[in-house]
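In the UniProt record's numbering, the protein residues as written are 1 to 174. Here a beta-carbon is modelled for each residue, glycine too, at the ideal position from N, C-alpha and C. On a predicted model such as this, the values are computed, not experimentally measured, just so you know. Take a look at the structure below.
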Amino acid sequence: MHKLLDLISPRIFKKEISFRRNEYIKMNGSIDSKIYFIKKGSIKISIFQEDHEQIIRFGYDGDLIVAMDSFIHGSYSDYAIQAIKKTDMLIAEKEDFMNFIYSTSENTKLYITILEQLVLQQLERERDLLLDSPKNRYERLIKRNPRLFQLIPNKHIANYLRMSPETLSRISKS
Numbered sequence: 001m002h003k004l005l006d007l008i009s010p011r012i013f014k015k016e017i018s019f020r021r022n023e024y025i026k027m028n029g030s031i032d033s034k035i036y037f038i039k040k041g042s043i044k045i046s047i048f049q050e051d052h053e054q055i056i057r058f059g060y061d062g063d064l065i066v067a068m069d070s071f072i073h074g075s076y077s078d079y080a081i082q083a084i085k086k087t088d089m090l091i092a093e094k095e096d097f098m099n100f101i102y103s104t105s106e107n108t109k110l111y112i113t114i115l116e117q118l119v120l121q122q123l124e125r126e127r128d129l130l131l132d133s134p135k136n137r138y139e140r141l142i143k144r145n146p147r148l149f150q151l152i153p154n155k156h157i158a159n160y161l162r163m164s165p166e167t168l169s170r171i172s173k174s
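Structure below.
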């Protein structure tokens with residue numbers, strides 16, 4: 001991803017902003033067609049069902065973040081994006097980003113690669129959710145992304161894995 005930032009940062013990421021811990025970057029029920037690059041910090045993307053938050057994705061240093069449904073369709077999104085800790089981000093408008101992507105065939109190929117990676121990550125996430133065993137979900141996540149456990153508080157990881165913090169603590173000690 002840093003290669004991508006080197007290519008596009010001066011051209012399209014025209015704004016830099018910092019978000020305080022727990023501050024919302026995007027509220028659920030809003031439209032947001034911006035794309036974000038996390039320079040430093042961490043975020044969570046969540047959906048709310050009644051009064052319950054379900055974390056579906058994390059982002060941290062070097063990640064591109066976007067409310068994909070709103071970005072693609074310009075529609076209201078059920079997803080919220082919130083800083084877990086102080087987070088510094090670069091922000092690009094959709095028009096600037098898309099102009100860059102379609103300006104050369106190399107940029108278009110890069111965009112396709114990014115989208116392919118997102119699809120594969122989503123398939124892994126869906127597979128994790130279909131596994132019955134919390135232990136299996138934990139083991140797959142730690143194998144796939146051990147860095148996550150250094151950057152994200154366990155209470156958020158437990159939510160993401162759809163288990164209680166106590167279950168996560170017990171599994172991680174075994």
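Within its own chain, the residues whose Cβ lies closer than 7 angstroms to the Cβ of Asn107, once the five positions on either side in sequence are excluded, are Phe100 and Ile101, listed in chain order. Three or more pairs of CB atoms, one per stretch, sit closer than 8 angstroms, so the segment 54-69 contacts the segment 150-168. In the DSSP assignment, Arg57 falls within the beta strand (DSSP E) that extends over His52 to Tyr60.
Bridge partners of Phe48 according to DSSP: Glu53. Inter-residue distance for Glu166 and Arg140 is about 19 angstroms (C-alpha atoms, whole angstroms).
Only residues of its own chain outside the window of five on either side were considered, and among them Tyr76, Ser77 and Asp78 have a CB closer than 8 angstroms to the CB of Gly29, listed in chain order.
When DSSP states are grouped into helix, strand and coil, Leu123 belongs to the helix group. With contacts defined by Cβ atoms closer than 8 angstroms, Lys85 and Arg21 form a contacting pair. By the neighbour-count definition (other C-beta atoms within 10 Å, threshold 16), Lys40 is an exposed residue. If you compare the alpha carbons of Phe149, Ile43, Arg127 and Ile152 with that of Tyr24, the shortest gap goes to Ile43.
Look at Tyr36 here: in three-state DSSP terms it is strand.
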